[in-house]
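Q: Note that numbering that gives the first Met the number 0 has the sequence shown beginning at 0, numbered continuously upward.
First the structure, then my questions, so here it is.
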Amino acid sequence: MSRTILYVNLKQNVFILVIDSLRFRNLLGKNTTCKIPNIENLIKNGVSFSNAFSSADGTVLSSASILSGMYPFHTGVTQSSHYQLDDNVTHMATFFKNSGYDTNTKIPELTFLKGLADDFENNDKFYNNYYELSKGFGKEILKKLDLLSKKEPWFFYAHINDLHLPTWPSKKFDHEDYGASNYDRVISEIDYWIGEFLKKIDLKNTLVILSADHAEYLPFVKKNDQIISFEAGKIQQILRKFGAKIPKKIRQKLIGFFSKSNNSIISNKISQFNLDECEKRSFTNTRKDSNYLFDELLHIPLIFSGPNIKNNSEINNLVSHVDIFPTIAELLDLKIQTKIDGTSLLPLINGHSIDEKFVYFERDILLKKSKNDVIGIRNNAYKYFRPYINSSENLFLFDLINDPNEEKNISKTELEIVKKMEEYLTAITQEQSNVSHPSTDEEYSKKVEDELKKLGYI
0 MSRTILYVNL
10 KQNVFILVID
20 SLRFRNLLGK
30 NTTCKIPNIE
40 NLIKNGVSFS
50 NAFSSADGTV
60 LSSASILSGM
70 YPFHTGVTQS
80 SHYQLDDNVT
90 HMATFFKNSG
100 YDTNTKIPEL
110 TFLKGLADDF
120 ENNDKFYNNY
130 YELSKGFGKE
140 ILKKLDLLSK
150 KEPWFFYAHI
160 NDLHLPTWPS
170 KKFDHEDYGA
180 SNYDRVISEI
190 DYWIGEFLKK
200 IDLKNTLVIL
210 SADHAEYLPF
220 VKKNDQIISF
230 EAGKIQQILR
240 KFGAKIPKKI
250 RQKLIGFFSK
260 SNNSIISNKI
270 SQFNLDECEK
280 RSFTNTRKDS
290 NYLFDELLHI
300 PLIFSGPNIK
310 NNSEINNLVS
320 HVDIFPTIAE
330 LLDLKIQTKI
340 DGTSLLPLIN
350 GHSIDEKFVY
360 FERDILLKKS
370 KNDVIGIRNN
380 AYKYFRPYIN
390 SSENLFLFDL
400 INDPNEEKNI
410 SKTELEIVKK
420 MEEYLTAITQ
430 EQSNVSHPST
440 DEEYSKKVED
450 ELKKLGYI
């Protein structure tokens, strides 16, 4: 039986907004404190996926999956290939360029992201990593949207970095009316700018997609009506602002001092407030903990909003980054000619059902594969992850129905389920793509390493 596609206008513009480190639970969870009228309006004119998960816990691989519809290990984006998609992989920008679109991007000027921007046509692809919306980047995007209005149809992929920790709201939004935490207040501020962007867009002829590259551990918990917060303070804010001007050795000592001081206070707070395992992770786990992939790092929002999309619906099916590309293509009645891992979500958007699937995820590769890097899969019932190399050690299995916060590792007692999950994981990963791996020069690797250290990844 043929299926009716909701709209087939090839001239529709496409605007993808990726918010770095945006957690679903803070944006749309039941206890959210941020103010997001503009994002709520997007949902009223579209759909929101409440069980969307990142393909990786870091920006490089997750962005590669969004832009290709491929699992990270299929993209060719590795340290040895300068973080570029392999020639055998279809880049979303190339796909839209070949479909008659003017393709543009705005992403942070980081060495490990530059390779992903090569296929976009504009010359002003990059912005300073610390250039926030309120400090001028928002106005830059507005100018870009003004220019694009004269070049329809257009495809614009924007990566907003304001939420990357440590984060602070501007003075206007630094008030409890906009959220309980700094993080939530910045979400409210981002929402304001999204409203400004949407004013520049012909929403009757533009498909808007809002998502995140990955989520994040947030050192902020409300327990028994009391707030426990270890978000960055004024001193850390100054260190970030003037970090490049402070001698490296002094900067490292200052960071080490504050980290040690915080760790001592955190230990006391954890025992004082009797935090559960999930709450403890908010304070004790960091991006450097490479052998864990809890949902705090992976659960992201995913919103599609545009003409003729079923209004104001929430979809609970399990979906992933790899599904974004094929969904956009089918919504616009465009065909991807190469094989991809993702599945179009159009049947779900149209109110139909699809078969349950597994979602694959992995630890961002950072500099190179190591024995502690993690891969895993999940469905609605179980989540399983383990080291990439030592596949029989440090296994994690969680019963998501009875333990949604991933507090009890049952891998040692549920051996049959571990076996089945491993079979599914092996089936997904055994088909390696034919990707090339040219050698990487030492200077390039050192530059990437320095950037990752500044961002707190290593």
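Built from N, CA and C at the ideal position, the CB exists for glycine as well.
Owing to the predicted nature of the structure, the values given are computational and were not obtained by experimental measurement.
1. Could you give the DSSP three-state label for I376: helix, strand or coil?
2. Which residue wins for smallest C-alpha separation from I189, given the options N204, L202, S210?
3. Would you mind working out which of S319, V207, K407, T342 sits nearest I308, comparing C-alpha positions?
4. Would R22 and A214 qualify as a contact pair, given that the criterion is a beta-carbon distance under 7 Å?
5. Name the residue from R377, H298, R24, Y191 whose alpha carbon lies nearest to the alpha carbon of S133.
6. Going by beta-carbon coordinates alone, are L399 and D56 separated by less than 7 Å?
7. Report the start-end ranges of each alpha helix (DSSP H) in the region 179–242 that is 4 residues or longer and not cut off at the edges.
8. Bridge partners for N12 per DSSP, in chain order?
9. Can you tell me whether H174 is buried or exposed? The criterion is at least 16 other CB atoms within 10 Å of its CB, across all chains shown.
10. With DSSP collapsed to three states, give me the class of R362.
11. Below 7 Å between beta carbons: does that hold for F52 and N103?
12. Just how far apart, CA to CA, sit Y291 and P218?
13. Less than 7 Å between the beta carbons of E355 and L345, yes or no?
14. Where does K382 sit, in a helix, a strand or coil, going by DSSP?
15. Are there 16 or more other CB atoms within 10 angstroms of the CB of T58, so buried, or fewer, so exposed?
16. If you check the beta carbons only, do G75 and P325 fall under 7 Å apart?
17. If we ignore side chains and look at the alpha-carbon of each, how far apart do K150 and K10 end up?
18. If contacts are defined as beta-carbon pairs under 8 Å, then K199 and L144 qualify, I think. What distance do you get, rounded to the angstrom?
19. For the structure I just gave you, are there three or more beta carbon pairs, one from the region 312–324 and one from the region 41–49, closer than 8 Å?
20. For a quick check, are the C-beta atoms of F111 and Y130 less than 7 Å apart?
21. With a threshold of 6 Å on Cβ separation, who are the neighbours of N408 within its own chain once the five nearest residues in sequence on each side are excluded?
22. Round the Cβ separation of S180 and E230 to the nearest angstrom and send it over; I've been treating them as touching at under 8 Å.
23. Please return the same chain residues whose Cβ sits closer than 6 Å to the Cβ of F384, not counting the five positions on each side in sequence.
24. Tell me where the alpha helix (DSSP H) around P107 begins and ends.
25. Per DSSP, what kind of secondary structure is N316 in: helix, strand or coil?
26. Is the CB-CB distance between D201 and V185 below 7 Å?
27. Assign K105 to buried or exposed, taking buried as 16 or more other Cβ atoms, counted over all protein chains shown, within 10 Å of its Cβ.
28. Apart from the five residues just before and just after D19, which ones in its own chain have a Cβ nearer than 6 Å to its Cβ?
29. In the DSSP output, which residue or residues are listed as bridge partners for I299?
30. Roughly how many angstroms lie between the CA atoms of T337 and V88, to the nearest whole one?
31. Less than 7 Å between the C-beta atoms of Y70 and D294, yes or no?
32. Could you please give the first and the last residue of the uninterrupted alpha helix (DSSP H) stretch that includes F145?
33. Please report the straight-line C-alpha distance between L197 and I416, rounded to a whole angstrom.
34. Using three-state DSSP, classify L396 as helix, strand or coil.
35. With F324 as the anchor, note down where its alpha helix (DSSP H) starts and where it stops.
A: Looking at the atomic coordinates:
1. Residue 376 sits at position 377 when you count from the first residue of the sequence shown. Note: I376 maps to strand in three-state DSSP.
2. Taking the first residue of the sequence shown as 1, we reach residue 189 at position 190. Nearest of N204, L202, S210 to I189, Cα basis: S210.
3. For the purposes of this step, residue 308 is identified with residue 309 of the sequence shown, where counting begins at 1. Ranking the options by Cα distance to I308, first place goes to V207.
4. Sequence index remark: in the sequence shown, residue 22 carries index 23 (1-based). Sequence index remark: in the sequence shown, residue 214 carries index 215 (1-based). Against a cut-off of 7 Å, the Cβ pair of A214 and R22 comes out as a contact.
5. Here residue 133 refers to the residue found at position 134 of the sequence shown. Residue Y191 is the option with its Cα nearest to S133.
6. For the purposes of this step, residue 399 is taken as the residue at position 400 of the sequence shown. For the purposes of this step, residue 56 is taken as the residue at position 57 of the sequence shown. It is not a contact, given that the beta carbons lie outside the stated cut-off.
7. 181–198, 233–241
8. Position 13 of the sequence shown, counting from 1, holds the residue named residue 12. T205, per the DSSP bridge assignment.
9. The count along the sequence shown starts at 1 and reaches residue 174 at position 175. Classification for H174: exposed.
10. For this step, residue 362 is matched to residue 363 along the sequence shown. Residue state, collapsed to three classes: coil.
11. As a working note, residue 52 is residue 53 in the sequence shown. As a working note, residue 103 is residue 104 in the sequence shown. No, these two residues do not count as a Cβ contact at 7 Å.
12. Numbered from its first residue, the sequence shown carries residue 291 at position 292. Numbered from its first residue, the sequence shown carries residue 218 at position 219. If I take the Cα positions, the gap works out to 17 Å.
13. Here residue 355 refers to the residue found at position 356 of the sequence shown. Here residue 345 refers to the residue found at position 346 of the sequence shown. Their beta carbons are not under 7 Å apart, which means E355 does not touch L345 by this criterion.
14. Stepping through the sequence shown from its first residue, residue 382 is reached at position 383. In this structure, K382 counts as strand in the three-state DSSP scheme.
15. As a working mapping, residue 58 is identified with position 59 in the sequence shown. Buried, because 16 or more other Cβ atoms sit within 10 Å of the Cβ of T58.
16. As a first step, residue 75 is located in the sequence shown; it is residue number 76 there, counting from the start. As a first step, residue 325 is located in the sequence shown; it is residue number 326 there, counting from the start. Not closer than 7 Å, so no.
17. Residue numbering aside, residue 150 sits at position 151 when the sequence shown is read from its first letter. Residue numbering aside, residue 10 sits at position 11 when the sequence shown is read from its first letter. Cα to Cα, K150 sits roughly 11 Å from K10.
18. On the sequence shown, residue 199 is found 200 positions in, with the first residue counted as 1. On the sequence shown, residue 144 is found 145 positions in, with the first residue counted as 1. Confirmed, about 4 Å.
19. yes
20. Along the sequence shown, one-based indexing puts residue 111 at 112. Along the sequence shown, one-based indexing puts residue 130 at 131. No, these two residues do not count as a Cβ contact at 7 Å.
21. Translated into the one-based positions of the sequence shown, residue 408 becomes position 409. These residues qualify, in order along the chain: F395.
22. Looking up residue 180 in the sequence shown gives position 181. Looking up residue 230 in the sequence shown gives position 231. Indeed they touch by this definition, with Cβ atoms about 6 Å apart.
23. Indexing the sequence shown from 1 puts residue 384 at position 385. Hits under 6 Å: L292, V373, G375, F395.
24. In the sequence shown, residue 107 corresponds to position 108, counting from 1. Run containing P107: none in the alpha helix (DSSP H); it sits in the beta strand (DSSP E), 101–107.
25. Residue 316 sits at position 317 when you count from the first residue of the sequence shown. It is a strand residue.
26. Taking the first residue of the sequence shown as 1, we reach residue 201 at position 202. Taking the first residue of the sequence shown as 1, we reach residue 185 at position 186. Result no, Cβ atoms of D201 and V185 do not sit closer than 7 Å.
27. As a working mapping, residue 105 is identified with position 106 in the sequence shown. So K105 ends up on the buried side.
28. Translated into positions along the sequence shown, residue 19 becomes position 20. Cβ neighbours of D19 beyond the five flanking positions: N160, L162, H163, D212.
29. For the purposes of this step, residue 299 is taken as residue 300 along the sequence shown, with counting starting at 1. I299 is bridged to A51.
30. Residue numbering aside, residue 337 sits at position 338 when the sequence shown is read from its first letter. Residue numbering aside, residue 88 sits at position 89 when the sequence shown is read from its first letter. Distance between the alpha carbons of T337 and V88 is about 8 Å.
31. Position 71 of the sequence shown, counted from the first residue, corresponds to residue 70. Position 295 of the sequence shown, counted from the first residue, corresponds to residue 294. No, the pair does not count as a contact, with Cβ atoms beyond the cut-off.
32. Within the sequence shown, residue 145 is the residue found at index 146, counting from 1. The sequence shown places Asp at residue 145, rather than the Phe named in the question. D145 -> alpha helix (DSSP H) spans 136–147.
33. If you number the sequence shown from 1, residue 197 lands on position 198. If you number the sequence shown from 1, residue 416 lands on position 417. Using only the alpha carbons, I get a separation of about 47 Å.
34. Taking the sequence shown and counting its residues from 1, the one referred to as residue 396 is at position 397. Residue state, collapsed to three classes: strand.
35. Within the sequence shown, the letter at position 325 stands for residue 324. Where F324 is concerned, the enclosing alpha helix (DSSP H) stretches over 323–330.
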